[in-house]
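Following: one structure in structure tokens, then a few remarks.
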Amino acid sequence: MFIPTVPTPDEILDKSFSRAKKAANKVRTSKIPRHLKAKKTEEARIKTACQVTKDTLNNLLDKTPQVESMHMFYQDYIDVMVGVDQLKKSLGALNWAVGVISKFENEYVFKVRRSRPENAANVRKAAFGRISSVVRQIEDELDFLNYVKGKLRNMPTIDFEATTVVIAGFPNVGKSTLLRQITPAEPKVADYPFTTHGIQIGHFEKKWKKYQIIDTPGLLDRPVRDMNNIELRAMVALEHLADVILYIFDASETSGYPLDAQMRLYDEIEHVFDTPIISVFNKMDLVENNKYLEKYNSKLDEYLMISASKGSGVELIIKKLEVIKNHK
Ligand SMILES: Nc1nc2c(ncn2[C@@H]2O[C@H](COP(=O)(O)OP(=O)(O)OP(=O)(O)O)[C@@H](O)[C@H]2O)c(=O)[nH]1
Ligand SMILES: [Mg+2]
């Protein structure tokens, strides 16, 4: 999501007041009768300061995308990342400031026109004081928008036309390794849990069909209300994007999580989401005897057995994907 650069209150005010000064200088050097100059100069300063402040804030408002009109995935993603309510509140505060400054503009232009020439500067000073105070009142909101800008800088761009495969599973089971195998994407892979914090996307085409593979952060088998924000990003992708879920087990258990726990998460995902699931047993290169796996499924042949790091069995996944329909 693109949010324009967010200025601080001081930056906004510096710009507004220095532009106002320039506007005043123009009037001062123009051919207006001398006795009118003081008032005209201050009027120009007030108008310009108000305009420039409003323009700066309006520019921020116009360029920040409207969350409500976005796809539900983005809405939930933004909510998990920064909080949609807080974002709306901040934009609301900017709007409020624009309204108040418009009122000041009318009020103080009127005052300066009715003032005596020697009082014009004081009227303008009062106007500037009030503009400053309003802009400083939205300091927290501007700060927050700046934080939002940073947090959403890497917001993933989703291709809503492509068949979307969401890779899910426990931490450290090899999800990102698999994404690297199937697509040219290069997500970070490491031998510790929660390496992936955000949503990583890779693309490939097969028989003129576009696929989008989404790698997500690891999930633990715990209720949604106990999940941290990193896990929730995975849930948001599962909920809104998946045409099919690729559930990865670490059959070797070398990631440190027992298969029983991985199976509980599988059951939970199957229960919560109404999406086809392809089950994949990964790290089979480390499994010497897969007899013990049988206890997990009497129809063991329904699971694809692969080794993502070695690239073996990956073609079985692609084959399965070809028969999956894009249901959006
Ligand atoms: N032996 C073996 N190691 C693997 C295999 N697949 C992945 N690994 C290793 O397992 C570790 C975790 O791999 P990742 O791809 O980062 O796992 P992840 O599921 O994305 O992990 P998080 O992002 O932390 O949830 C890395 O050290 C990988 O090299 C495999 O098939 N065999
Ligand atoms: Mg990962």
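Under our numbering, the first residue of the sequence shown is numbered 90, with each subsequent residue one higher. Where is the CB? At the ideal position from N, CA and C, for every residue including glycine. All of these numbers come straight from a predicted model, not from anything done at the bench.
Considering residue i, what are the terminal residues of the beta strand (DSSP E) in which it resides?
{"i": "V95", "result": "Taken as a continuous stretch (DSSP letters only), V95 belongs to no beta strand (DSSP E), as it is neither H nor E."}
{"i": "V333", "result": "333–339"}
{"i": "I406", "result": "Taken as a continuous stretch (DSSP letters only), I406 belongs to no beta strand (DSSP E), being part of the alpha helix (DSSP H) at 403–411."}
{"i": "I395", "result": "Here I395 belongs to no beta strand (DSSP E), and DSSP marks it neither H nor E."}
{"i": "V369", "result": "366–371"}
Would you kindly work out how many angstroms separate the C-alpha atoms of residue i and residue j, rounded to a whole number?
{"i": "V224", "j": "P93", "result": "18 Å"}
{"i": "D280", "j": "V262", "result": "9 Å"}
{"i": "D229", "j": "S179", "result": "8 Å"}
{"i": "E294", "j": "P273", "result": "11 Å"}
{"i": "D232", "j": "V376", "result": "52 Å"}
{"i": "S191", "j": "G239", "result": "30 Å"}
{"i": "I303", "j": "I334", "result": "10 Å"}
{"i": "R353", "j": "G258", "result": "11 Å"}
{"i": "K264", "j": "I337", "result": "7 Å"}
{"i": "S105", "j": "V189", "result": "16 Å"}
{"i": "T246", "j": "T343", "result": "33 Å"}
{"i": "I395", "j": "V369", "result": "7 Å"}
{"i": "R219", "j": "M161", "result": "40 Å"}
{"i": "P206", "j": "A127", "result": "6 Å"}
{"i": "T130", "j": "R117", "result": "6 Å"}
{"i": "G181", "j": "Y346", "result": "46 Å"}
{"i": "F199", "j": "N208", "result": "13 Å"}
{"i": "A340", "j": "L330", "result": "26 Å"}
Identify the continuous alpha helix (DSSP H) that holds residue i and give its terminal residues.
{"i": "D356", "result": "348–361"}
{"i": "L146", "result": "123–152"}
{"i": "V169", "result": "161–170"}
Going by CA-CA distance only, name the one from the options that's closest to residue i.
{"i": "D168", "options": "A133, K295, R322", "result": "R322"}
{"i": "V171", "options": "N114, Y236, P347", "result": "Y236"}
{"i": "Y256", "options": "N371, K110, E383, A186", "result": "Checking the sequence, you will find Ile at residue 256 rather than Tyr. That would be N371, whose Cα lies nearest to the Cα of I256."}
{"i": "A109", "options": "S222, R311, A210, Q155", "result": "A210"}
{"i": "K399", "options": "T130, E383, T142, T266", "result": "T266"}
{"i": "V361", "options": "D349, R311, D339", "result": "R311"}
{"i": "S418", "options": "A350, M159, H124, S368", "result": "Residue 418 is absent from the structure shown; the chain starts at 90 and stops at 417."}
{"i": "V403", "options": "M373, K384, I413", "result": "M373"}
{"i": "I271", "options": "H286, K299, P282, F283", "result": "K299"}
{"i": "V156", "options": "L176, N147, K143", "result": "L176"}
{"i": "G287", "options": "D339, A251, V325", "result": "V325"}
{"i": "N243", "options": "L234, K129, M90", "result": "M90"}
{"i": "E328", "options": "I290, A350, E359, K200", "result": "E359"}
{"i": "S221", "options": "C139, D174, N195", "result": "C139"}
{"i": "V95", "options": "L146, E275, T305, I135", "result": "L146"}
{"i": "P52", "options": "H292, G291, P260", "result": "Past the edges of the chain, shown from 90 to 417, lies residue 52, and the structure says nothing about it."}
{"i": "E100", "options": "V141, K120, G307, D356", "result": "V141"}
{"i": "A186", "options": "A216, R202, I227", "result": "I227"}
{"i": "G291", "options": "P306, W297, V254, L309", "result": "V254"}
Spell out whether any CB of chain B is found under 8 Å from the CB atom of residue i.
{"i": "V141", "result": "The displayed structure is made up of one protein chain only, and chain B is not part of it."}
Scan the segment 177–261 and note each continuous beta strand (DSSP E) run of 3 residues or more that stays entirely inside, going in chain order.
252–258
Quick check for students: name the residue ranges of the alpha helix (DSSP H) that lie wholly in the segment 251–324, counting only runs of 4 or more.
264–271
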